[in-house]
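Each remark here refers to the structure printed beneath this line.
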Amino acid sequence: MRLRTPVARSLAAASLAAGLVLTGCTTSRPRPAAAPDEVIKAATARLTDACLTRQGLTPPRPGQSPPPAAEQQRVSDALFGTGPAELSVTLPTGHVVRAHTDGCLAAAQRRLYGDQARWFRTSVIVNNLEPEADHTHRSLAEVRDRHRAEIADWRQLREHALAAATTLLDTPPPTGDPRP
């Protein structure tokens, strides 16, 4: 299409400029979309790091030399919780998976998934469908069919976590406060 008059060219330029301003594309390129697992992982790390920092502990970092054993234990206790595990799921394979409801990781899961106990149960079941199929000598399709409700629940909770994680990562922290 060829714009022949100065008025038509001006209107086209104004429309283009307005569109660029409205879409935020004037000077910066859009960042590539991260995989949902990576977004949730980043938000979980941000939440657990902030939780450990509030307790006066240094979050572990890859490549960092390990702290003394006593400090490692304090970080582990703060991160994963202490005492008897409050959550438990027995799998068809006979394995029992347990988790704590205290600790920084549990707090992050509550914030992202909305219901830590429901997420724990659902994710343990869904993440162990293949071992269940092997153990029960059923096809993976049969086992998935038997766990349709858990798979649907897992998807719903994961969508909730992705939305919460995206909001958390896109929201700047209040001035002077560490990012949660």
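Positions 766 to 945 (the numbering used here) are the ones given, in order, by the sequence shown.
Glycine residues also receive a C-beta, built at the ideal position from the N, C-alpha and C atoms.
Predicted model only: the values in this text are computed from it and were never measured.
query                                                                                                     : result
Ala928 versus Asp918: straight-line alpha-carbon distance, rounded                                        : 16 Å
Touch test, the region 892–901 against the region 854–874, Cβ-Cβ under 8 Å, three pairs minimum           : yes
Classification of Ser793 by the beta-carbon crowding that lies within 10 angstroms, buried from 16 upward : Its pLDDT being 43, under 50, Ser793 is placed unreliably by the model, and the measurement read from it follows with that caveat. Exposed, by the Cβ-count rule.
C-beta neighbour in chain C for Glu836, strict 8 Å                                                        : Given the protein chain composition of this structure (a single chain), no chain C is represented.
Local Cβ density within 10 Å of Gly868, reported as buried at 16 or more and exposed below that           : buried
Neighbour-count burial assignment, Ala834, 16 or more Cβ in a 10 Å radius                                 : exposed
8 Å contact criterion, which Ala850 and Ala864 should meet: CB distance rounded                           : 6 Å
Own chain, CB closer than 8 Å to Ser775, minus 5 neighbours either side, in chain order                   : Bear in mind that the predicted position of Ser775 carries a pLDDT of just 41, short of 50, making it unreliable; the figure below should be weighed with that in mind. Hits under 8 Å: none found.
Candidates His912, Trp884 and Gly879: closest to Glu895 by CA position                                    : His912
Proximity below 8 Å, CB of Leu934 to CB of Ala807                                                         : yes
Euclidean distance between Cα positions of Arg875 and Gln837                                              : 24 Å
Beta-carbon separation (whole angstroms), Ala800 vs Leu877, contact threshold 8 Å                         : 16 Å between Cβ atoms; not a contact.
Spatially closest choice to Arg920 from Leu905, Ala843, Val891 and Thr932, by CA coordinates              : Val891
Rounded distance between the beta-carbons of Pro824 and Thr818, thought under 8 Å                         : 7 Å
Residue interval of the alpha helix (DSSP H) (run including Leu870)                                       : Cys869 to Tyr878
Own chain, CB closer than 8 Å to Glu907, minus 5 neighbours either side, in chain order                   : Ala898
Buried versus exposed, by CB contacts within 10 Å (16 or more), Val786                                    : Confidence in Val786 is poor, its pLDDT being 40 and thus under 50, which makes the residue's placement unreliable; the coordinate value appears in the next sentence. Counting Cβ neighbours within 10 Å, Val786 comes out exposed, since fewer than 16 surround it.
Euclidean distance between Cα positions of Arg883 and Ser830                                              : 36 Å
Residue nearest to Asp982 in terms of C-alpha spacing, selected from Glu924, Gly821, Thr887 and Arg886    : The structure shown does not extend to residue 982, since the chain spans only 766 to 945, so no value can be given for it.
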